[in-house]
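Novice:
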Amino acid sequence: MLYNDRKMLKWQGFRLSEHVEQLKQVKIQKKRVIVDEQTRELFDWMIHISYSSQQPLLVYLNTFGEPYTQVSGIVESVNHPSGYLFLKGKGSFAIEDIVSMEFARAEDEGHGD
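Be aware that the sequence shown starts at 115, since it is given in the numbering used here, and climbs by one per residue.
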């Protein structure tokens, strides 16, 4: 009598039951911070002011479960279609990862190096 091997089908139940809990933990850790429309408009205004007056910003970035990363700098450019903010000498950051921002004081300017 020939045995029809189910290959990976026979392991699927084992794999799912063992990994579902782990996948749930990963989803919990990677929750995005949702920023409302009014806050986004405030961010746009602050980015414009930083760009036009060369005033440094202190930007807080979501790191998906870790403490927020602080980066300070002057806005060099914004690429809205791709969704990136470029800070002079600091690189580019996804706008969707920004959770907060404020105008930087002189002592804040060293953060994010």
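Note that CB positions come from ideal geometry on N, CA and C, so glycine has one too.
Computed from a predicted model, the values in this text were never measured in an experiment.
Could you have a look at serine 196 and say whether DSSP puts it in helix, strand or coil?
Specialist: In this structure, serine 196 counts as coil in the three-state DSSP scheme.
Novice: Since I believe aspartate 211 is in contact with asparagine 176 (beta carbons under 8 Å), could you give me their beta-carbon distance rounded to a whole number of angstroms?
Specialist: Correct: roughly 5 Å between the Cβ atoms.
Novice: When we look at the beta-carbon of glutamine 152 and count the other beta-carbons within 10 Å, is it buried (16 or more) or exposed?
Specialist: The residue in question, glutamine 152, is exposed, as its Cβ has fewer than 16 Cβ neighbours within 10 Å.
Novice: Buried or exposed: which applies to serine 167, given that a residue is buried once 16 or more other Cβ atoms fall within 10 Å of its Cβ?
Specialist: The residue is exposed, with fewer than 16 neighbouring Cβ atoms inside 10 Å.
Novice: On the DSSP bridge assignment, give the partners of glutamate 180 in chain order.
Specialist: In DSSP, glutamate 180 forms a bridge with Thr177.
Novice: Using a Cβ-Cβ cut-off of 7 Å (strictly less than) and excluding sequence neighbours within five positions of phenylalanine 157, which residues of its own chain qualify?
Specialist: Result list for phenylalanine 157: Ile212 and Met215, in chain order.
Novice: Measure how close the beta-carbons of glycine 197 and leucine 171 come, nearest whole angstrom, since I'm counting them as under 8 Å.
Specialist: That pair is no contact at about 17 Å.
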